[in-house]
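Report on the structure given below.
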Amino acid sequence: MSDIKALISIVSNDFEVDNSYSEAQLRAALIKVFEYLVEDNFNKLLQILYRADVDQYKLKALLENTEDKSSAEIIADAYLERQKAKIEIRKKYSR
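So for the sequence shown, my numbering puts the first residue at 1056; every next one is plus one.
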C-alpha cells in the first residue's frame, strides 16, 4: 500500500475523505474540518486529537509559537504528522 493510501485509510477512521486525494488535497480538506471544529465543536476536536494520539504539549507549543499559520493549519499538520508516524511504525514492525 502506498503511503498516501495508508494515510487516507487512517484518516478515514476519523473523517470522510476521498480515496483519490493527494496529500495536499487531504491537508486542505483537514484544514477546513479543523476550522469548523475549532469554532463549532471543540469537544469533538479534542476527542479526535486524543484518539489520534497527537501530543498535546507539542501541539500547545506549536499553537503558541507559530505565527504564520492558522490554528487549523497547525492542528492539521500535527494530526497528519502523527498519522504518518503511525504508518512508519507499522512498516517498521511488520517486516
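For glycine and all other residues, C-beta sits at the position ideal for the given N, C-alpha and C.
Same chain, Cβ closer than 6 Å to residue i, neighbours up to 5 away in sequence not counted
i, result
"E1090", "A1127"
"R1150", "none"
Boundaries of the alpha helix (DSSP H) in which residue i is found, first to last residue
i, result
"Y1134", "S1126 to S1149"
"Y1112", "Q1111 to N1120"
Neighbourhood of residue i by C-beta distance below 8 Å, restricted to the same chain and skipping five residues each side
i, result
"K1087", "A1127"
Collapsed DSSP secondary structure at residue i in the structure displayed
i, result
"D1095", "helix"
"E1071", "coil"
"E1090", "helix"
"S1064", "helix"
"D1108", "coil"
"D1178", "Because residue 1178 is not part of the residues shown, which for the chain are 1056 to 1150, the question remains open."
Integer-rounded CB distance, given that residue j should sit under 8 Å from residue i
i, j, result
"L1081", "V1072", "6 Å"
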